[in-house]
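Trainee: Each residue of the sequence shown is one higher than the one before, counting from 1031 in this note's numbering. Note that CB positions come from ideal geometry on N, CA and C, so glycine has one too.
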Amino acid sequence: MRTARILFLIFLLVMIGVPIWWYTDTGFDPGTLLIRGGMVLEKGKPVQVDLRLKGERILEMGNLPPIRGEKVVSATGQIVLPGFVESGMDPKFDSKLAVQSGITSVILPDRRAFMAAAEQKSETNAGWVADYFEIENEVLKHSPQEPPNAVALNQSLARQMQLGAIGIYFDLRQGLRPETERSLNWIAPELKQRHGLLWVRLQGGDKSLWDELETVIQIAEKAQVPLHLTDLQLSSDKVWNRANHLVARLEKARAAGLSVSFDFNPLLPLQPSDLQTFLNDANGFISTGWALGDESLVQAPEIVAPPMLALAQLANKRSELAAATFGLKGRGKLEIGAFADLVFLKAGESPEALGALDRLNQSISQVWVNGKVVFDGKVLAPAGRPLYGSPPSNLSE
């Protein structure tokens, strides 16, 4: 009888123990993923840090042992950066091309990319700023006999922001008309109340650029609404020598408490001192009016490369500062709780050699968006999400 009881107890232990063993060793999924051996930049120097992800976010950072059952991804020797945040003007924006350059989030004055992200059809996260002239046209449709007024414009802006816009975009490349300036003054306080961003595109070929820039800055300062100047260009020889003046004016506005930032595409004339840059561009002289003259060829051996940003500076400007500009909480940083938007650089790359943008792009091995790999030698399944803004903090560099 006693033997039978012992055998029965052994039987129960076996029956209970088997499912427990199966659950803990093979069937248990902790819902986390460990990235081991990667190098993150701390004060510009690569330091090995493991990342544990849970869903779309970073759960832990440090020297992390694997949890039983979790997936482990090796990043040994690879530098891991936060995903890049870009503003863009391209109406044909292609998220597949963007992620190959490490761009994980983009802000556009076009709702199509935002909708693609909302429908889980975008490789990148996407946000948008409402186009002022579309808002103006909407108001005119309802009241074609009357000029737009402050109430109607702000109501239309409110509807756009309820749909997800993080701010409003003014395209002033054709100049700042008096009626547009009036609308700017009407909209800026409403934008401030809604924690929106004032996005302005200025391009000047003459001295009028400075008057328009001053007007826009003063309107933003009065309303204390964050200002971003996009695709800023000094596009004529009349203003080429005023770049320092431009930067000084923006720094003055920052010192006075305005959150102001800008992005630009440099436009450079072909001069002997620029020859090395153009010689490195395989398409630099196709269908152009430029020619290689004796003066350029003679001076080429004497060219000294201009100073470049260090990798840590480049990554900071393209990720953390850019995310702060657009009020994207949890983006642009490698920290606990942040979204797992990651850029992996090939093992063996020296941070000192990656300050050049083309070299950096060539070294990208993987890109992650919201905790999922979207590029690994080729573009994979989309993982982008729609982006909604929040109040930007004042920026400092």
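Residues in the same chain with beta-carbon distance under 7 Å from Arg1415, minus the five sequence neighbours each way, listed in chain order, please.
Mentor: Cβ neighbours of Arg1415 beyond the five flanking positions: Ala1147, Asn1155, Asn1400.
Trainee: Any idea which residues DSSP pairs Thr1062 with across the strands?
Mentor: DSSP lists Lys1084 as partners of Thr1062.
Trainee: Quick one: residues in its chain with C-beta nearer than 6 Å to the C-beta of Ala1345, no 5 flanking neighbours on either side, listed in chain order?
Mentor: For Ala1345, where only same-chain residues beyond five positions count, the Cβ hits under 6 Å are Leu1111.
Trainee: Nearest-angstrom Cα distance between Val1409 and Leu1127?
Mentor: Between Val1409 and Leu1127, the C-alpha separation is close to 9 Å.
Trainee: What separation, rounded to the nearest whole angstrom, lies between the Cα atoms of Gly1197 and Gly1099?
Mentor: Taking the straight line from one Cα to the other gives about 44 Å.
Trainee: Which two residues bound the contiguous beta strand (DSSP E) that contains Lys1101?
Mentor: Unbroken beta strand (DSSP E) run through Lys1101: 1101–1104.
Trainee: Start and end of the alpha helix (DSSP H) containing Asp1371?
Mentor: Unbroken run through Asp1371: none, as it is neither H nor E.
Trainee: Within a Cβ cutoff of 8 Å, which residues of the same chain sit near Pro1144, ignoring the five residues on either side of it in sequence?
Mentor: The amino acid at residue 1144 is misidentified as Pro; the sequence shows Phe. Excluding positions up to five away in sequence, the list reads Leu1138, Ala1156, Gly1157, Trp1158, Gly1194, Pro1416, Leu1417.
Trainee: Sorted by chain position, which residues of the same chain lie with C-beta nearer than 7 Å to Ser1393's C-beta, five sequence neighbours on each side aside?
Mentor: So the qualifying residues of the chain are Leu1375, Lys1376, Glu1379, Leu1384.
Trainee: Determine, using beta carbons only, whether Leu1089 and Thr1106 come nearer to each other than 8 Å.
Mentor: No; because the gap between Cβ atoms is not below 8 Å, this pair is not in contact.
Trainee: Please determine, among Asn1184, Gln1204, Pro1060, Val1277, the residue with the shortest C-alpha to C-alpha distance to Ile1217.
Mentor: The shortest Cα separation from Ile1217 among Asn1184, Gln1204, Pro1060, Val1277 belongs to Asn1184.
Trainee: So, Asp1080 versus Leu1094, is the Cβ gap smaller than 8 Å?
Mentor: Result yes, Cβ atoms of Asp1080 and Leu1094 sit closer than 8 Å.
Trainee: Within the continuous alpha helix (DSSP H) that includes Lys1171, where are the two ends?
Mentor: Note, Lys1171: alpha helix (DSSP H), 1162–1172.
Trainee: Three-state secondary structure (DSSP) at Gln1150?
Mentor: Three-state DSSP puts Gln1150 in coil, outside helix and strand.
Trainee: Report yes if the C-beta distance between Ala1182 and Ser1173 is below 8 Å; otherwise report no.
Mentor: Yes, they are a contact pair.
Trainee: Val1115 and Phe1356: beta carbons closer than 8 Å?
Mentor: A contact, by the Cβ cut-off of 8 Å.
Trainee: Quick check on this structure: which residue in Glu1086, Gly1226, Pro1060 has the alpha carbon closest to the alpha carbon of Leu1364?
Mentor: Nearest C-alpha to Leu1364: Glu1086.
Trainee: Counting only the same chain and skipping the five closest in sequence on each side, list residues whose C-beta sits under 6 Å from that of Arg1224.
Mentor: So the list reads Met1191, once near-sequence residues are dropped.
Trainee: Residues bridged to Ser1135 by DSSP?
Mentor: DSSP lists Val1115, Asn1155 as partners of Ser1135.
Trainee: Taking only three categories from DSSP, how would you classify Ser1186?
Mentor: Reduced to three states, the DSSP call for Ser1186 is helix.
Trainee: Around the C-beta of His1275, are 16 or more other C-beta atoms found within 10 angstroms, so that it is buried, or is it exposed?
Mentor: Per the 10 Å Cβ criterion, exposed.
Trainee: Below 8 Å between beta carbons: does that hold for Leu1228 and Leu1206?
Mentor: Taking 8 Å as the Cβ cut-off, Leu1228 and Leu1206 do not qualify as a contacting pair.
Trainee: Which residue comes first and which comes last in the beta strand (DSSP E) that contains His1258?
Mentor: Unbroken beta strand (DSSP E) run through His1258: 1257–1264.
Trainee: From Trp1240, Ser1104, Asp1059, Lys1084, pick the residue whose C-alpha is nearest to that of Gly1068; which is it?
Mentor: Residue Ser1104 is the option with its Cα nearest to Gly1068.
Trainee: With distances taken between CB atoms, is the gap from Lys1282 to Ala1253 smaller than 8 Å?
Mentor: Not in contact: Lys1282 and Ala1253 (Cβ atoms no closer than 8 Å).
Trainee: Could you spell out the range, first to last residue, of the alpha helix (DSSP H) harbouring Ile1249?
Mentor: Taken as a continuous stretch (DSSP letters only), the alpha helix (DSSP H) holding Ile1249 covers 1238–1253.
Trainee: Less than 6 Å between C-beta atoms, sequence neighbours within five positions excluded: which residues of the same chain meet that for Ala1342?
Mentor: Only Leu1071, Gly1074 meet the Cβ criterion.
Trainee: Should Ile1065 be labelled buried (16 or more other beta-carbon atoms within 10 Å of its own) or exposed?
Mentor: Classification for Ile1065: buried.
Trainee: For Gln1175, name the three-state secondary structure that DSSP assigns.
Mentor: Here Gln1175 sits in coil by DSSP.
Trainee: Within this structure, are the beta carbons of Leu1202 and Arg1231 separated by less than 8 Å?
Mentor: Yes, Cβ-Cβ distance for Leu1202 and Arg1231 is below 8 Å.
Trainee: Tell me the DSSP secondary structure of Lys1126 in three-state form.
Mentor: Lys1126: helix per DSSP, three-state reduction.
Trainee: Taking the alpha-carbon positions, what's the Ala1278 to Leu1214 distance?
Mentor: Spanning the two alpha carbons is a distance of roughly 24 Å.
Trainee: In terms of alpha-carbon separation, which member of Ser1117, Lys1084, Gly1092, Ile1109 lies closest to Ala1353?
Mentor: Nearest of Ser1117, Lys1084, Gly1092, Ile1109 to Ala1353, Cα basis: Ser1117.
Trainee: Measuring straight from C-alpha to C-alpha, what distance separates Glu1166 and Ala1368?
Mentor: For Glu1166 and Ala1368, the distance between alpha carbons rounds to 37 Å.
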